[in-house]
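Asks:
There are 2 protein chains.
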Amino acid sequence: MTGTLYGLGLGPGDPELVTLKAARILKAVPVIAWPAPDTGPSFARAIAASHLPGGQMEIPIVVPMRAERFPAREVYDAAAGEIAAHLDAGRDVAVLCEGDPFFYGSFMYLFERLAGKYPTEIVPGVSSIMAAAAAAARPLAARNDVLTVLPGPLPDGDLQARIEAAGAVAIIKIGKHFSRLRALIEKLNLLPQAMYVERATLTEGRCLPLADVAGNDAPYFSIILIYKGGEDWAGLAGAARGSRL
Amino acid sequence: MTGTLYGLGLGPGDPELVTLKAARILKAVPVIAWPAPDTGPSFARAIAASHLPGGQMEIPIVVPMRAERFPAREVYDAAAGEIAAHLDAGRDVAVLCEGDPFFYGSFMYLFERLAGKYPTEIVPGVSSIMAAAAAAARPLAARNDVLTVLPGPLPDGDLQARIEAAGAVAIIKIGKHFSRLRALIEKLNLLPQAMYVERATLTEGRCLPLADVAGNDAPYFSIILIYKGGEDWAGLAGAARGSRL
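As you go down the protein sequences, you meet chains A and B in turn. When we follow our numbering, the leftmost residue of the first sequence carries the number 409, and every step to the right adds one. When we follow our numbering, the leftmost residue of the second sequence carries the number 409, and every step to the right adds one.
1) Identify the contact partners of A/V554 in chain B, using a Cβ-Cβ distance below 9 Å as the criterion.
2) Have a look at A/A626, A/F629, A/A436, A/K636 and flag the residue whose alpha-carbon is nearest the alpha-carbon of A/Q367.
3) Since B/I579 is in the beta strand (DSSP E), which residue starts that stretch and which ends it?
4) Contact criterion: CB-CB distance below 7 Å. Does B/E482 meet it with respect to chain A?
5) From A/Y414 to B/R614, what does the alpha carbon distance come to, in whole angstroms?
6) Counting only Cβ pairs nearer than 8 Å, list the residues of chain A close to B/E424.
7) Per DSSP, what kind of secondary structure is A/P559 in: helix, strand or coil?
8) State the Cα-Cα distance for the pair B/A608 and B/I433, rounded to the nearest angstrom.
9) Return the bridge partner residues of B/P468 from the DSSP annotation.
10) From the beta carbon of A/S535, is the nearest beta carbon of chain B less than 7 Å away?
11) Please list the partners that B/P617 has in chain A, where partner means a Cβ-to-Cβ separation under 9 Å.
12) Skipping 5 residues on each side, what residues in its chain have a beta carbon closer than 7 Å to that of B/P472?
13) Would you say B/Y628 reaches chain A, if we count a Cβ-Cβ gap shorter than 7 Å as a contact?
14) Give me the chain B residues within the contact set of A/F654, using Cβ-Cβ distance strictly less than 7 Å, ordered along the chain.
15) Looking only at its own chain, which residues have a Cβ that is under 7 Å from the Cβ of B/D496, when we skip the five neighbours before and after it?
16) So what does DSSP say about B/E612, is it helix, strand or coil?
17) How many Å lie between B/G575 and A/F511 at the Cα?
18) Count the other C-beta atoms from every protein chain shown that fall within 10 angstroms of the C-beta of B/S535, then say buried if there are 16 or more, exposed otherwise.
19) Determine the direct distance from the alpha carbon of A/T611 to that of B/I634, and round the result to whole angstroms.
20) Can you tell me where the alpha helix (DSSP H) holding B/P565 begins and where it ends?
21) Please report the straight-line C-alpha distance between B/V621 and B/Y604, rounded to a whole angstrom.
22) Between which two residues does the alpha helix (DSSP H) holding B/Y484 run?
23) Going by DSSP in three states, A/P617 sits in which element: helix, strand or coil?
24) Go to A/M603, then tell me how far its beta strand (DSSP E) extends in each direction, as first and last residue.
25) Measure from the C-beta of A/E639 to each C-beta in chain B and report whether the shortest distance is under 7 Å.
26) On a CA-only basis, which of A/A578, A/I440, A/P443 is nearest A/E606? Give me that one, please.
27) In the DSSP assignment, find the alpha helix (DSSP H) that holds A/Y517 and state where it starts and stops.
28) With B/L592 as the anchor, note down where its alpha helix (DSSP H) starts and where it stops.
29) Just checking: is the beta-carbon of B/P443 within a distance shorter than 7 Å of some beta-carbon in chain A?
30) With distance defined between alpha-carbon atoms, name the residue in B/P561, B/A550, B/F519 nearest to A/D553.
31) Does the contact criterion of 3 or more C-beta pairs under 8 Å hold for the region 536-556 of chain A versus the region 447-458 of chain A?
32) Using a cut-off of 9 Å between C-beta atoms, extract the partners of B/G419 located in chain A.
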């Protein structure tokens, strides 16, 4: 009997936004694997921390944060090998994933290496774009809006055409692309309708109009939301002023 | 002291995919409000049922299921009035939301009526599109994919242009539009890359290639996912065959 591989969505950051299912699996599995940058702590491991009973075996997957060089084949080959050895020995392994495992998650690199060989279960999680909309106190999309999710590294021409065609936009993977993205949004006259959300649901998180963000840098875990829906969005933005979000 | 209004995301259907935060609030609030169709049970109420301690006051919001006639102003005006009376009396009210409150959720009709006047907190939930991707055992979007979410009621011309421009597509709000949508996807030669997911995460749910769906009808809570990413997606689909998803 081989073990089961779990792709475990842990939500946007607040440990209380973990699902009951993910919390149960975190308490039960003998092995966890989690992504980590080459320096600094693992965000996924931090979200899970308060739910772990202690004593699990742990597999850190140290991924260089130079996003353009993905996938880092050797890193994922080695991690998949280590995980496979546990699965072969009959031990369940949970791979900790920020947000949702299948929403732009690096879990796919392990999934494509292991899912064909081992029982695999994906546990969906609360996505960062939903958390960002909650923090911004405005619906992400409504009625028959077209919602477009755009990775920040895309070239300006691509982004412009897609922003112009969309009803609602979420731009993810911002990081070093921040000032280029802000300049593009300003050029499109959408700055007044753009909200910037950083580390949604965490105590150190912040949420403010994109126009008010100082500096030219943003963390990887930040999101820009653009609302093009017209009068309803403006009305909602006004309504939200009274809320404590 | 007025009460707090919660927009409570309850996830896609499996009661274990409720977040710890939503479960805590469900146990604590004296009043819950939930949407219900004119006939049949409330899906949101059913997801919450096992988390309720019993004894809460309940406000059903009976919304006619003729989606094109939204928003049903009188229904939401009346519900907002009833909720406001509880908030004025200092009682917290949780509005139960399938999936995520701000992802095409009807909660926005209450939010726009009440958030300006009362402390309001949005608790994000696991969205149906993430649950559908987990059920289909394929990533929803990866790397620098553009993900487009399309409401099924949009006209064919709109849908076609947006499907052609997207890297990954999730079509929601299918219902009576099912056969028109399938015909359009077939015309675009994308039928082999389209997956149909109905009531993801529920025991009565099902997930199969769109080409294999019999009949010309689908429930409102069904989703079509289209993968245009090329070789990687095909590889992943192959890999998933061995999984127990």
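For glycine and all other residues, C-beta sits at the position ideal for the given N, C-alpha and C. Predicted model, so just to flag it, every value in this text is computed and none were measured.
Replies: In short:
1) T556, V557, L558, P559, L562, D566, R570
2) It is not possible to answer for residue 367 of chain A, since the shown part of chain A is limited to 409 through 653.
3) 576-580
4) no
5) 20 Å
6) Here the neighbours are T427, L428, K429, R432.
7) strand
8) One C-alpha to the other measures close to 24 Å.
9) B/W442
10) yes
11) Within 9 Å Cβ-Cβ: nothing; B/P617 doesn't reach chain A, min ~18 Å.
12) D446, A480
13) no
14) No statement about residue 654 of chain A is possible, as the shown extent of chain A runs from 409 to 653 and does not include it.
15) T410
16) coil
17) 13 Å
18) It counts as buried.
19) Each residue's alpha carbon lies about 37 Å from the other.
20) According to the sequence as given, residue 565 of chain B is Gly; it is not Pro. Its alpha helix (DSSP H) spans residues 564-573.
21) 8 Å
22) 481-496
23) strand
24) 602-606
25) Residue confidence for A/E639 is low, a pLDDT of 41 falling below 50, so the modelled location carries little weight; the figure read from the coordinates is stated next. Closer than 7 Å: no.
26) A/A578
27) 515-522
28) 586-595
29) no
30) B/P561
31) no
32) T427, P532, V534
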